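*Asks:* Got a structure for you, questions after.
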Amino acid sequence: MHIDDLINAYLLALDNPRCRGIYHLAAPNPVNNLEFTRTLGKALNRPTLFRVPATLLKLAYGEGAEVMTSGQCIVSERLEEAGFKFRHVELESAIQAIVKSSTGSFSFNDFVDSRG
1437 MHIDDLINAY LLALDNPRCR GIYHLAAPNP VNNLEFTRTL GKALNRPTLF
1487 RVPATLLKLA YGEGAEVMTS GQCIVSERLE EAGFKFRHVE LESAIQAIVK
1537 SSTGSFSFND FVDSRG
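Residue numbers (the numbering used here): 1437 to 1552.
Below you can see the structure in the form of structure tokens.
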């Protein structure tokens, strides 16, 4: 989920008294690790011949890697029912916006929250 959409979702929840209870905040179109890697590579004009191996992610991020490698699928249905409209519906749009607003240098952490 792009940070712009996350902030707008919080604002909707704060401004709408009917927004009560638990809301799952996630991009509307989930992708797997390979699709994410390919989309990121395309946006950065870098070749992506294979996805990042799970073992390497676990070495680098410990338990935080589980979020990146497990098959979790979160749906933001209640958020959309409350009237929320995503600015970045597709992963490519979100990543392109990050690349466009960047200073030009990237690290893996720009795209993944490793705090677990």
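Ideal Cβ positions, reconstructed from N, Cα and C, are used throughout, including at glycine.
These numbers come from a predicted model, not from an experiment.
Please classify residue 1498: does DSSP put it in a helix, a strand, or coil?
*Replies:* Three-state result, residue 1498: helix.
*Asks:* Going by alpha carbons, who is nearest to residue 1554 out of 1455, 1482, 1466 and 1461?
*Replies:* Nothing can be reported for residue 1554, as the shown portion of the chain is limited to 1437 through 1552.
*Asks:* In whole angstroms, give me the CA-to-CA distance for residue 1494 and residue 1487.
*Replies:* Straight-line Cα distance between these residues: approximately 14 angstroms.
*Asks:* I need the straight-line Cα distance from residue 1442 to residue 1461, nearest angstrom please.
*Replies:* About 7 angstroms.
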